[in-house]
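Here the protein sequences line up with chains A and B, keeping their order. Position one of the first sequence corresponds to residue 1338 (the working numbering), numbered consecutively onward. Position one of the second sequence corresponds to residue 177 (the working numbering), numbered consecutively onward. Here a beta-carbon is modelled for each residue, glycine too, at the ideal position from N, C-alpha and C.
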Amino acid sequence: MSIDLSQFHQVFYEESYEGLDAMEQGLLEMDVEAPDDEVINTIFRAAHSIKGGSGTFGFNQVAEFTHVVETLLDEVRSGDRAMNQSIMDLLLVSVDCIRSLLQDLQAGDDPDLTQATDLKSQFEAILNGESASSESVGEVNSEDNTAEPIANEGGGKGYKIHFVPEETLLQTGNEPTRMFRQLAEVSDDCIEVSANLERLPSLTAMNPEHCYLAWDITINKAIDRSEIDEVFEWVIDDAEVVITEFDLSDSTIEEQASEQIEEPIAQAVSSEVESIAPEPAADKAPVENTAEKEPAKAKAKAKASTPESSSIRVSIDKVDSLINMVGELVITQSMLGQLGQNFDITRVQRLQEGLAQLEHNTRELQESVMKIRMMPISFVFSRFPRLVRDVSRTLDKKIDLVLSGENTELDKTVMEKIGDPMVHLIRNSIDHGIEMPDVRIAAGKPETGTVELNAFHQSGNIVIEIKDDGAGLNKERIQQKAIENGLIDESTTLADEQIFDLIFQPGFSTADAVSDLSGRGVGMDVVRRNIASLNGSIEVSSETGKGSRFVIRLPLTLAILDGQLVKVGEEIFIFPLVSIVESIQMDDTAINNVGGHSDVLQLRDEYVPIVQLHEIFSVNKDEPPADDNIVVVVETDGEKVGVVVDELLGQQQVVIKSLEENFKKVEGISGATILGDGTVALIVDVSGLSKMSGTSIKQIDSAHKAA
Amino acid sequence: MAKILAVDDSASMRQMVSFTLKGAGHDVIEASDGVEALKLAQGQSVDLVLSDVNMPNMDGITLCKNLRQLGTYKFTPILMLTTESAGDKKMEGKSAGATGWIVKPFNPDQLLTTIKKVLG
């Protein structure tokens, strides 16, 4: 029976990555001095499973490497070896190493074994050095080579087996008759079995669950001794088994020969032998793999870029509540169905009640379905202890990471995309925010700095805070840098928030600024852009000497949006509600033409560039522009844009459909939705719009000054 | 055809074992740890139990001890799937009442050959 093991590979990868995460987490929370048994067990189990799986599925390089890791862990687990910092460091690096081996394999590449080989020799040095056990590494492969290639030697030997099981043998689930059957199979029925009744007690003294019989078995065929050993392998400690060889007499051989002619058993033997003979999964699988490799390669590559998004784990609670909702929905539906069968006007009241019920059910169902995609943010948070540990070690800083709100849930897609910006922010906090221990002591602060991560829900958004008690942002340096880079004038006076906000401006940080800037600003524009692409926002506040606080706000999901519907000509467009600052009615006089080509709106003491939505999207507008325009002021990347529309309609939640997947990418449009009456409305991409308007505050400011 | 209870905390191993056994015409019940396996075992009898040793919540050795306490599992073959080639794990399994063991890594053919030893 041939089974294609590659069908289990995806599951193996997924669970191995999970196992590696568990190992990493366990190692990080472990107290090196007094490791918790359960934590060590968990780590050991994870390594053990990865080794077992990788061996089974033919990933021998992984199995071999994991074997040494497991051996060391086993010694720690059984108390033969004390945990120490260097072992812990080695284990952590090994986790990374195994992960990268697996990623290579998953991508269909040959894994790079340089690191593994290096680490393996380090493990071996530890294992052999002070040594509790010195299991060889090769064992993972050799251990199942119990059966040796079968050599049918010369004239051959038969076997006499004296088999006296312990009385309790049956209670281990072993069954002598099955064993005889197996012996008969391997010896092609050239077997004689006689029972020895000596031990049989009287009927009254007999325990029906005990085995009192003993047997003498003669095998009149030259078979390999290992075949017999295998049969008795499991009972060898529960029985007296004496195996003696004897020369098969000529007559028996002849007898046997004639038998062989009678029955075409030779084939049966060889096939049996084949299946028993050790054929480690490894030998086979790579062959299968290579055959399949080429076509599979491209596919695997594509997958590798988003390895974790292919499946999702949902708690039973959520599924149950979903089933419950659907049940409610079915009840409401049948209620309405009944109502419709002989409907008359007197029952309008009940119809309305039913419809209200339906609306209620639908909303609940929608919320429940959305919840399926929601996962606790601990999935993102869990990678930070390691990051903080590694970065602070490199920098020789002492840092405590405090996590709270790990159970706050957010959409899986959002979660996958928020990890990188957060890494960036945390790295910056440690690198630029927290001071060196001696500096901290001199400033009267505790030697160990603190980075706090917090997540919570707030009015339909998830808020993530990253707070440190470091030196805070250096206003002067930021201002100076901004002037150098031409972001602001020397004469510009800015409020603190505006200064801090400069770090998010593209072009704020230049390569040489990265290393010598004591504040922050390393690629912060990228962070803001990534967060903005999730319809989120980021703000920073800071106090010199006390630390900084970054606040990220994200929508709970990317699938639904709170939108403001507006009308332009006959078309309906939708603005994300979060991006709208205000909507005002303006007469033409408030709109000035600056510099000959761009319109700006004077909004109190600010100038805001104006975009005509109908011009940008070429919407036919029959009526001449009304005297009083409606301007929707939206904000993106810290810049305001006024968008002129005809009419403000209602606000509603809309389900976002991708325009790119269903049509093609359109500049200034982030997606589409279907409204209650079935018409399609486009969702405006506010940041795209401001780019398309071709003007920015700076240009307007300077134009205004010039004017 | 036999009814087999397969216990392993690793989903990929469980799938592989289960797929192999089903392919050979057996009925397979899956459990992801000893606690779950014991719960499943209490409601029915099976012809064979295949269990991993290292599992969270309840390991294979403890499962084996507990199964032998149940009347219906007194003589049921219980095979441990183990990577430990060392004797003491095997002994521990034996003294807990395990029938035998299969050493990991094994391939589907080896699995089928081995279970033939205890079925029927």
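Asked: Against chain A, with Cβ distances strictly below 7 Å, would Met-177(B) count as a contact?; Found: no
Asked: Can you have a look at Gln-1686(A) and say buried or exposed, based on whether 16 or more other CB atoms are within 10 angstroms of its CB?; Found: exposed
Asked: If you count every other CB in all the chains shown that lies within 10 Å of the CB of Ala-1559(A), and 16 or more means buried, which is it?; Found: buried
Asked: For Phe-1793(A), does the three-state DSSP call read helix, strand or coil?; Found: strand
Asked: Within 10 Å of its beta-carbon, does Asn-1872(A) have 16 or more other beta-carbons around it, so buried, or fewer, so exposed?; Found: buried
Asked: Note down the Cα distance separating Arg-1650(A) from Arg-190(B), rounded to an integer number of angstroms.; Found: 18 Å
Asked: From the DSSP output, in three-state form, read off Leu-1831(A) for me.; Found: coil
Asked: When the Cα atoms are used, what is the spatial distance from Ile-1660(A) to Thr-1973(A)?; Found: 41 Å
Asked: Within 10 Å of its beta-carbon, does Asp-1983(A) have 16 or more other beta-carbons around it, so buried, or fewer, so exposed?; Found: buried
Asked: Starting from Arg-1684(A) and walking both ways along the beta strand (DSSP E), at which residues does that stretch end?; Found: Neither: Arg-1684(A) is in no beta strand (DSSP E) and is coded neither H nor E.
Asked: Run through chain A and tell me which residues come within less than 9 Å of Asn-233(B), C-beta to C-beta.; Found: Those within 9 Å of Asn-233(B) in chain A number zero; the least Cβ separation is about 11 Å.
Asked: Does the Cβ of Pro-281(B) have 16 or more other Cβ atoms within 10 Å, making it buried, or fewer, making it exposed?; Found: buried
Asked: Using a Cβ-Cβ distance under 7 Å, would Glu-1564(A) count as near chain B?; Found: no
Asked: Assuming the contact rule is C-beta atoms closer than 8 Å, Phe-1912(A) and Val-2023(A) should be a hit. Round their C-beta distance to whole Å, please.; Found: 7 Å
Asked: Is Asp-1411(A) helix, strand or coil when you go by DSSP?; Found: helix
Asked: In three-state terms, what does DSSP make of Thr-238(B)?; Found: helix
Asked: Apart from the five residues just before and just after Ser-1391(A), which ones in its own chain have a Cβ nearer than 6 Å to its Cβ?; Found: Val-1399, Ala-1400
Asked: Excluding the five sequence neighbours on either side, which residues of its own chain have a C-beta within less than 6 Å of the C-beta of Leu-1902(A), listed in chain order?; Found: Ile-1909, Ile-1911, Leu-1986, Gly-1987
Asked: Would you please verify whether the beta carbon of Gln-1452(A) is less than 7 Å from any beta carbon of chain B?; Found: no
Asked: For the region 181-195 of chain B, which residues have a beta carbon sitting closer than 8 Å to at least one beta carbon of chain A?; Found: Asp-185, Ser-186, Ala-187, Ser-188, Met-189, Gln-191, Met-192, Phe-195
Asked: So Lys-250(B) contacts chain A; which residues on that side make the cut at Cβ distance below 8 Å?; Found: Gln-1508, Glu-1546
Asked: Counting Cβ pairs, one atom from each stretch, are 3 or more of them under 8 Å apart for the region 1776-1794 of chain A and the region 1741-1749 of chain A?; Found: yes
Asked: Could you round the C-beta distance between Val-1572(A) and Leu-1506(A) to whole angstroms and report it? I think they count as a contact, below 8 Å.; Found: 6 Å
Asked: Is the Cβ of Arg-1382(A) closer than 7 Å to any Cβ of chain B?; Found: yes
Asked: Glu-1480(A) by DSSP, collapsed to three states: which one?; Found: Its pLDDT being 40, under 50, Glu-1480(A) is placed unreliably in this model, and the coordinates cannot settle the point.
Asked: Alpha carbon to alpha carbon, how far is Asp-1737(A) from Leu-1762(A)?; Found: 16 Å
Asked: Given that Leu-217(B) touches chain A, what residues does it touch there, using C-beta distances under 8 Å?; Found: Looking at the sequence shown, residue 217(B) is not Leu but Ala. None at all; the shortest Cβ gap to chain A is about 14 Å.
Asked: Could one say the Cβ of Glu-1401(A) lies closer than 7 Å to chain B's Cβ atoms, at least one of them?; Found: no
Asked: Using Cβ-Cβ distances below 7 Å, what residues of the region 1408-1437 of chain A are close to chain B?; Found: none
Asked: Would the beta-carbon of Val-1430(A) be found less than 6 Å away from any heavy atom of the ligand NAP?; Found: In terms of ligand content, the structure shown is empty, and the ligand NAP therefore cannot be addressed.
Asked: For Ile-1714(A), count the other beta carbons within 10 Å of its own beta carbon; 16 or more makes it buried, fewer makes it exposed. Which is it?; Found: buried
Asked: Thinking C-alpha only, which one of Thr-1731(A), Asp-1373(A), Pro-1892(A), Ile-1709(A) is nearest Asp-1654(A)?; Found: Ile-1709(A)
Asked: Let me check one thing: in DSSP terms, what residues is Leu-226(B) bridge-paired to?; Found: Ala-182(B), Leu-255(B)
Asked: So Asp-228(B) and Gly-219(B) are supposed to be a Cβ contact under 8 Å. How far apart are they, rounded?; Found: 21 Å between Cβ atoms; not a contact.
Asked: Would DSSP call Leu-1893(A) helix, strand or coil?; Found: coil
Asked: For Asp-185(B), count neighbouring C-beta atoms within 10 Å of its own C-beta (all shown protein chains included) and say buried if the count is 16 or more, exposed if not.; Found: buried
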